[in-house]
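**Student:** To start, I am sharing the structure in question, which I have written as structure tokens.
Residue numbers (this note's numbering), protein chains in the order written: chain H, 107 to 703; chain U, 2 to 374.
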């Protein structure tokens, strides 16, 4: 790879499960900027069955738009000097390859088995089953289950370090007896990660080393009070890359093309979110909604967490969103009356033709309705995972220790949250930015004051991986071309009577008032910040208590300051279909969300 | 220079088709390269390890795990019969003995002196795979399986359920837009694969199962009917394992969808011929689409048709694969390179599409698929 100062032109791709995106970054007038972006369908389908075809197609589009030559046949031209045809560096992320399916085993279902499930979920896996010695099943039932499910890998845990080894060895014997085979390929052994009692390692090796591809990592529950998920998660991640992603056709070829190792898409986006949280000392929630998966990233109480909802997405997994959320929950966001049969068929057709895009307004509204539920469910899953992970927070000050939540309580706090970053096709490509804002508000229900942003053209994955090789370029492009600031959202907590005054906002000598049940926008231009006095009405709270005014900084953006006085805890939509549609239409009109038909 | 399009499904009257036949575990391949095989011929077999029974030996004997093995009357690896005494405690002066009979027939696999558990294993189960299609063995994957090659009619569907079946194709639909009714499913269709038109309902599917129909190839199905028929909602699109007694192949999509003329014509021509079909669908990495294969005589000459790999061009024949005009087939008459604003206000790459009647519309390139010749 070239020296940093020799890197002038950067090509980066992200192979999603649906589309492959390519961006071209160039240093012009002493700063790195995004030049063009191209995309093409990801080519895992027959007749291509080679992920690099989609990559080359996306690069060809970049070539056309930028009017420069990058490809020489199927090869990326890497130039010797920082001039002429070609690029100086090529990097890529990938999430093609589909989901990871795991089984986890732990001694006690509510303890080590639950921790193991958290580790697996956190690494982006679907947990097919949790086996525990107290799960009330007979051994032969457990064995049969392991055999029939054929997971991609198994995570085995149990026992505190130095404690009794009998139970965890028993689990190993069950796995040994099941003699499990991986889902893909008859040729190789199923990976098993052992993250249990360190005293049992020899016994575990004795039982599993021959029959499985065994990996030993630190105990994920070294003591009862401690959870240490990172080593297990990291190992799952490595194996996911080696075993599952490598199944995506052409992936090995792509590895040869890049200058640095291919990074998994969620890893790259997470890196960026964590950096923002640390650098600005704020609480951040990031989301990347893709075709097959939705990743949620958070930085709360100085702790970074990431979850991957492997079966929530807008194309391949779109039907699973319906299955998990229920059709009724999706239909509640559709701002017109529609037949259930029709909606079902439309969703299924998107599943089987995942690369198509909405070309009419109602199709767009349906997709955006589904995305709200996918985002909502992904956040729900994230909340159960993002709990105080004691094992990874070794050094804390006394004040931190007092704030620490007890195990099992989520770190996610919508009231203290400062910033939401949305990414992924449906959010980044929404024709009007206010659509992205409303999707995120409806799905996440932020409370108090929260800044909303969106990844302009869905390039956070590429910038994440770029930050590992050229931080300056990544930061400059991120600030100037990637992050679109939509504006602050003001949302009081509580419920009062519909139509009553809910909140008053004063700044720059002007006062704005909003009634309960309404939404509205206060124009405030991009990059402008104001100190505002915000007074909720008696029954509502903005963080200082019911009816107590707060002084807060509001930031403008391409949308402006969005006031959501529809209530929280709970947020309600009318049960009656006609009333519901009327309400949705009213909010859509107030925020100017869609073009008038 | 247009790359934003979806590659189409294959619908070919005559092509060289290769099918990989692989065992779930390593085993024995029974044929060799060059052999001519019939669809029903067994080409590879293996044995799946038998089910396992675990016995708490130490607990039953009432001794610590480290000592229990000394009471075993059988050795590791030994074959055992059901009810055979496999362990016995000494008791006092020959009295109060604890005898432990084997709960299964099989072998003694191992004993753990940490957990005190004895693992017994039932005899292995035989697994055999057949050739699935008539053809010639062109490759042997050592200990795992083979690749069969054959000239055949090959039709890919968009979505399916159920696994591999073989049977005679029977044209039941009168036209590509025909909607099958319960009355169409007669007793004569037992053991056959029905060619339908634009729609099949759960009522008709249930009738097919009742009458012993093996499979059905149809343009569309309502998702509601699919859910009713399966008894559950399909989440992620990975199918093929359903055991509903029928394999269903949907060629166009969900809803009432007239079967593409070409697909219907090819299927009609094969009325009465034996076909191999598989509903397994996996719309993710390593994509798998359902298929209908009707093989020709092995010596049939096939001219490989020109592939759509060159991409879309003016005059390419394409099908619209999203609302509105879902399913319409027409010709590409324009490929503007600049992004254009569509009804949703999104700026996307578009193409100009001409219907068969000459009417023209602009639509996103992503919403058409090439029809492969």
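Positions of the beta carbon are idealized from the N, C-alpha and C atoms, including for glycine.
Please determine, among H:319, H:312, H:268, H:212, the residue with the shortest C-alpha to C-alpha distance to residue 274 of chain H.
**Tutor:** Minimum Cα distance to residue 274 of chain H is reached at H:212.
**Student:** What would DSSP say about residue 57 of chain U, mapped onto helix, strand or coil?
**Tutor:** Strand, per DSSP.
**Student:** By alpha-carbon positions, which one of H:253, H:335, H:123 ends up nearest to residue 357 of chain H?
**Tutor:** Looking at the Cα atoms, H:123 is the closest of the given residues.
**Student:** Return the residues of the stretch 460-488 of chain H that lie within a Cβ-Cβ distance of less than 7 angstroms from chain U, sorted by chain order.
**Tutor:** Flagged, chain order: 460, 461, 462, 463, 464, 465, 466, 467, 469, 470.
**Student:** Quick one: which residues of the stretch 246-276 of chain H get their C-beta closer than 7 angstroms to a C-beta of chain U? List them in chain order.
**Tutor:** Hits within the stretch, in order: 246, 249, 250, 271, 272, 275, 276.
**Student:** Can you list, in chain order, the residues of its chain whose CB lies under 6 angstroms from that of residue 119 of chain U, leaving out five sequence neighbours each side?
**Tutor:** These residues qualify, in order along the chain: 56, 58, 112.
**Student:** Label residue 698 of chain H either buried or exposed according to how many other C-beta atoms from any shown protein chain fall within 10 Å of its C-beta, with 16 as the threshold for buried.
**Tutor:** Classification for residue 698 of chain H: exposed.
**Student:** At a cut of 8 angstroms, does the stretch 554-566 of chain H reach the stretch 484-493 of chain H through at least three beta carbon pairs?
**Tutor:** Cβ pair count under 8 angstroms is below three, so no.
**Student:** For residue 285 of chain H, which residues in chain U fall below 8 angstroms Cβ to Cβ?
**Tutor:** Those within 8 angstroms of residue 285 of chain H in chain U are 50.
**Student:** If you check the beta carbons only, do residue 476 of chain H and residue 402 of chain H fall under 8 angstroms apart?
**Tutor:** Going by C-beta atoms, residue 476 of chain H is not nearer than 8 angstroms to residue 402 of chain H.
**Student:** Would you kindly check if the distance between the Cβ of residue 438 of chain H and the Cβ of residue 679 of chain H is under 8 angstroms?
**Tutor:** Yes, the pair counts as a contact, with Cβ atoms nearer than the cut-off.
**Student:** Output, in sequence order along the chain, the residues in the stretch 210-235 of chain U whose CB is closer than 7 angstroms to any CB in chain H.
**Tutor:** Cβ contacts with chain H come from 223, 224, 225, 234, 235.
**Student:** Using the rule of at least 16 other Cβ atoms within 10 Å of the residue's Cβ for burial, across every protein chain shown, is residue 189 of chain H buried or exposed?
**Tutor:** Label assigned to residue 189 of chain H: exposed.
**Student:** Taking the beta strand (DSSP E) that residue 327 of chain U falls in, what are its first and last residues?
**Tutor:** Neither: residue 327 of chain U is in no beta strand (DSSP E) and is coded neither H nor E.
**Student:** Hey, is the stretch 239-257 of chain U in contact with the stretch 432-446 of chain H, meaning 3+ C-beta pairs nearer than 8 angstroms?
**Tutor:** They do not touch, by the three-pair rule.
**Student:** Can you tell me whether residue 625 of chain H is buried or exposed? The criterion is at least 16 other CB atoms within 10 Å of its CB, across all chains shown.
**Tutor:** That one is buried.
**Student:** On the criterion of 16 or more Cβ atoms from any shown chain inside 10 Å, does residue 301 of chain U qualify as buried, or is it exposed?
**Tutor:** With fewer than 16 Cβ atoms within 10 Å of its Cβ, residue 301 of chain U is classed as exposed.
**Student:** Where does residue 563 of chain H fall in DSSP's three states?
**Tutor:** In the structure shown, residue 563 of chain H sits in coil (DSSP, three-state: anything other than H, G, I, E or B).
**Student:** Quick check: the stretch 148-166 of chain U against the stretch 273-280 of chain U, are at least 3 beta-carbon pairs closer than 8 angstroms?
**Tutor:** With the cut-off at 8 angstroms, the stretch 273-280 of chain U and the stretch 148-166 of chain U touch.
**Student:** Considering only C-alpha positions, which residue in the set H:646, H:684, H:161, H:662 is nearest to residue 748 of chain H?
**Tutor:** There is simply no residue 748 of chain H to check, as chain H begins at 107 and stops at 703 in what is shown.
**Student:** So what does DSSP say about residue 321 of chain H, is it helix, strand or coil?
**Tutor:** The answer is strand: DSSP assigns residue 321 of chain H an E or B state.
**Student:** Would the stretch 274-283 of chain H and the stretch 206-225 of chain H be scored as touching if the rule is three or more Cβ pairs under 8 angstroms?
**Tutor:** At 8 angstroms Cβ cutoff, the stretches touch.
**Student:** Would you say the stretch 222-232 of chain U touches the stretch 180-192 of chain U, given that touching needs at least three Cβ pairs under 8 angstroms?
**Tutor:** No, they do not touch.
**Student:** At a CB-CB cut-off below 7 angstroms, which residues of chain H make contact with residue 346 of chain U?
**Tutor:** Under the 7 angstroms cutoff, chain H gives 537, 538, 701.
**Student:** Is residue 324 of chain U close to chain H, meaning its C-beta is less than 8 angstroms from at least one C-beta of that chain?
**Tutor:** Cβ-Cβ to chain H under 8 angstroms: yes for residue 324 of chain U.
**Student:** Mapping the DSSP letters down to three states, classify residue 116 of chain H as helix, strand or coil.
**Tutor:** Residue state, collapsed to three classes: strand.
**Student:** Thinking C-alpha only, which one of U:217, U:144, U:274, U:317 is nearest residue 353 of chain U?
**Tutor:** Taking only the C-alpha atoms, the option nearest residue 353 of chain U is U:317.
**Student:** Determine the burial state of residue 451 of chain U: buried for a count of at least 16 other Cβ atoms within 10 Å of its Cβ, exposed for fewer.
**Tutor:** As displayed, chain U neither begins before 2 nor continues past 374, which places residue 451 of chain U out of reach and without an answer.
**Student:** Are the CB atoms of residue 622 of chain H and residue 658 of chain H within a distance shorter than 8 angstroms?
**Tutor:** Not closer than 8 angstroms, so no.
**Student:** Given this structure, state the Cα-to-Cα distance separating residue 780 of chain H from residue 378 of chain H, to the nearest angstrom.
**Tutor:** The structure shown has nothing for residue 780 of chain H, since chain H only spans 107 to 703.
**Student:** Step through the CB atoms of chain H and report whether any lies within less than 8 angstroms of the CB of residue 53 of chain U.
**Tutor:** Chain H contact via Cβ: present.
**Student:** Any contact between the stretch 417-435 of chain H and the stretch 234-242 of chain U? By contact I mean 3 or more CB pairs, one from each, below 8 angstroms.
**Tutor:** The stretch 417-435 of chain H, when compared against the stretch 234-242 of chain U, does touch it at the 8 angstroms Cβ threshold.
**Student:** Using the three-state DSSP reduction, which class does residue 152 of chain U fall into: helix, strand or coil?
**Tutor:** Looking at residue 152 of chain U - three-state DSSP - the assignment turns out to be strand.
**Student:** Suppose you measure from the CA of residue 34 of chain U to the CA of residue 49 of chain U; what does that come to, to the nearest Å?
**Tutor:** Their backbone Cα atoms lie some 25 angstroms apart in a straight line.
**Student:** Residues of chain H with CB under 7 angstroms from residue 303 of chain U, in chain order?
**Tutor:** Chain H residues near residue 303 of chain U: none, gap ~16 angstroms exceeds 7 angstroms.
**Student:** Looking at residue 124 of chain U: is its Cβ nearer than 8 angstroms to the Cβ of residue 106 of chain U?
**Tutor:** Yes, Cβ-Cβ distance for residue 124 of chain U and residue 106 of chain U is below 8 angstroms.
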